[in-house]
Amino acid sequence: MLKLEKRPQPSQLWTWATPVLAVLITMVAGGALFAALGQDPVAAISTIFWQPLFGEFAFYYRPQLLIKGAPLVLIAIGLSLGFRAGIWNIGAEGQYIVGALAGAGVALAFYPAESALIFPLMVLAGALGGWAWGMIPAILKLRFGTNEILVSLMLVYVAEQLLAAMALGLMKNPEGRGFPGSRNLRQYDSAHNAELITGTGMHWGVVVALIAVIFAYVLLSRHLLGYHIRLAGQAPRAARFAGVRPARLVLFCLGTSGALAGLAGLFEVAGPAGQVSIDFNVGYGFTAIIVAFLGRLHPFGILLAGLLMALTYIGGELAQSNMGLPAAAIQLFQGMLLFFLLAVDLLTNYRIRLVTKEVA
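Numbered per our numbering, the sequence shown spans residues 15 to 374.
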């Protein structure tokens with residue numbers, strides 16, 4: 015008989031082995047899923063993980079890793095700070111949307127003027143928009159004791175309705191012949207988040223994501239605030255005796271995660287997406303939760319996990335177009351990753367013992 019036994023201390027080996035094992039199990043389970051759909055499982059897994067990096071058209075898909083990975087890393091870094099402190103922001107998708115709307119609003123307000131100041135103002139507006147949306151659950155939690163999980167999640171649906179209203183109303187392109195959506199910001203030089211090095215996928219969103227990784231690492235490992243964040247999550251009662259102020263942490267973590275999600279939305283709407291549209295949000299805010307946990311809430315782990323998840327996005331699109339796999343199957347495959355990560359993570363705090371029954 016198998017029995018779970020509590021470890022005296024969490025296993026450092028399993029802490030870092032868990033994500034690797036979860037990925038391998040996901041590949042096996044995903045292969046079984048694709049086989050059930052009538053596809054060659056080996057070919058499907060190869061299409062998702064191999065073809066974008068080493069296939070015939072890898073030169074085109076490799077830059078997409080940075081384009082799709084940057085918003086995931088940027089959002090996940092912000093979420094990880096709160097998760098480490100036991101503050102659960104599940105509404106990054108809404109903050110991502112509002113940041114994009116705020117940044118695009120600045121660009122459209124100045125259109126068609128050209129100025130080097132427009133894009134920095136858009137960046138500032140995007141960060142402030144996401145920050146303001148993140149502060150709503152923070153203030154409600156501190157003032158009325160509401161649950162930040164529910165409030166932040168419900169605000170996603172409010173943001174989606176706001177996005178639809180803007181795409182069909184105030185931000186609608188007057189020259190768009192009645193179609194929903196704003197002007198194309200990629201055709202507006204002062205507002206375009208263009209590639210910094212042509213053909214690499216490197217744009218300002220990638221640069222800011224890398225800066226956020228370094229900043230988060232320094233904060234968590236070298237700064238007193240980072241110590242308070244870690245202490246609040248690991249030992250809440252001890253944190254109170256150490257002088258940690260829970261209210262300050264709530265405001266900082268939810269505000270920072272909101273600002274980073276807003277920046278991700280701004281860089282996306284000014285670059286790869288190019289315009290405010292009804293279907294602008296593609297789930298980056300929710301996928302970033304998987305990225306945060308897959309990276310063990312560690313900044314550099316999140317960087318690698320963001321690139322891996324971006325690879326599943328690109329490979330998933332390839333599998334849909336080349337093999338006819340449904341989009342829902344790819345989404346389920348990505349969801350399996352979090353499921354198996356949480357399941358295998360049990361081994362970090364517990365060991366499995368084989369117990370033999372004693373015969374009376």
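Every residue, glycine too, gets a C-beta built ideally from N, C-alpha and C.
query: Which two residues bound the contiguous beta strand (DSSP E) that contains residue 364?; result: 364-368
query: Quick check: what's the CA-CA separation for residue 27 versus residue 45?; result: 27 angstroms
query: Which full runs of the alpha helix (DSSP H) of 4+ residues lie inside the stretch 304-338, going along the chain?; result: 313-337
query: Could you tell me the distance, in whole angstroms, from the CA atom of residue 29 to the CA atom of residue 192?; result: 53 angstroms
query: Tell me where the alpha helix (DSSP H) around residue 20 begins and ends.; result: Unbroken run through residue 20 is the beta strand (DSSP E), 16-20; no alpha helix (DSSP H).
query: Near residue 273, which residues of its chain fall below 6 angstroms by C-beta distance, leaving aside the five closest residues on each side in sequence?; result: 141, 144, 145
query: Could you give the distance in angstroms between the alpha-carbon of residue 47 and the alpha-carbon of residue 351?; result: 13 angstroms
query: Whether or not the stretch 246-253 and the stretch 91-109 are in contact is what I'm after, with contact meaning three or more pairs of Cβ atoms, one per stretch, closer than 8 angstroms; do they touch?; result: yes
query: Mark residue 257 as exposed unless 16 or more other C-beta atoms lie within 10 angstroms of its C-beta, in which case mark it buried.; result: exposed
query: Pull up the CB-CB distance for residue 148 and residue 280, whole angstroms please, since I reckon it's below 8 angstroms.; result: About 14 angstroms; that fails the 8 angstroms criterion.
query: Please say whether residue 321 and residue 83 have beta carbons closer to each other than 7 angstroms?; result: yes
query: Quick one: any contact between the stretch 110-120 and the stretch 304-314, if contact means 3 or more CB pairs under 8 angstroms?; result: no
query: Do you know whose CA, among 81, 85, 37, 370, lies nearest residue 62's CA?; result: 37
query: What's the gap between the Cα of residue 310 and the Cα of residue 179?; result: 37 angstroms
query: On the three-state DSSP scale, how would you describe residue 242?; result: helix
query: Suppose you measure from the CA of residue 135 to the CA of residue 129; what does that come to, to the nearest Å?; result: 10 angstroms
query: Which class does residue 354 belong to by DSSP, given the choice of helix, strand or coil?; result: helix
query: If you draw a straight line from the C-alpha of residue 171 to the C-alpha of residue 302, how long is it?; result: 17 angstroms
query: Out of 358, 216, 224, 345, which one is the CA nearest neighbour of residue 81?; result: 216
query: Taking a contact to mean a Cβ-Cβ separation below 7 angstroms, would you say residue 111 touches residue 204 in this structure?; result: no
query: Keeping to the same chain, check which residues put their C-beta closer than 6 angstroms to that of residue 198; ignore five residues upstream and five downstream.; result: 288, 289
query: Taking residue 134 as part of the alpha helix (DSSP H), name the residues at either end of that continuous run.; result: 132-158
query: Take the Cβ of residue 336 as the centre, count every other Cβ of all protein chains shown within 10 Å, and call the residue buried at 16 or more, exposed below.; result: exposed
query: Excluding the 5 residues flanking residue 18 on each side, which residues of the same chain have their C-beta closer than 7 angstroms to its C-beta?; result: 364, 366
query: What three-state label does DSSP hand residue 89 in the structure shown?; result: helix
query: Would residue 108 and residue 181 be called neighbours here (beta carbons separated by less than 7 angstroms)?; result: no
query: Taking the alpha carbon of residue 125 as the point to measure from, which residue in 355, 20, 292, 206 has its own alpha carbon closest?; result: 206
query: Under 7 angstroms, do residue 354 and residue 39 count as touching if we go by C-beta distance?; result: yes
query: Go to residue 30, then tell me how far its alpha helix (DSSP H) extends in each direction, as first and last residue.; result: 26-50
query: Measuring alpha carbon to alpha carbon, tell me which residue in 202, 316, 201 is nearest residue 88.; result: 316
query: According to the Cβ coordinates, are residue 221 and residue 313 closer than 7 angstroms?; result: no
query: Alpha helix (DSSP H) containing residue 216: first to last residue?; result: No alpha helix (DSSP H) holds residue 216; DSSP gives it neither H nor E.
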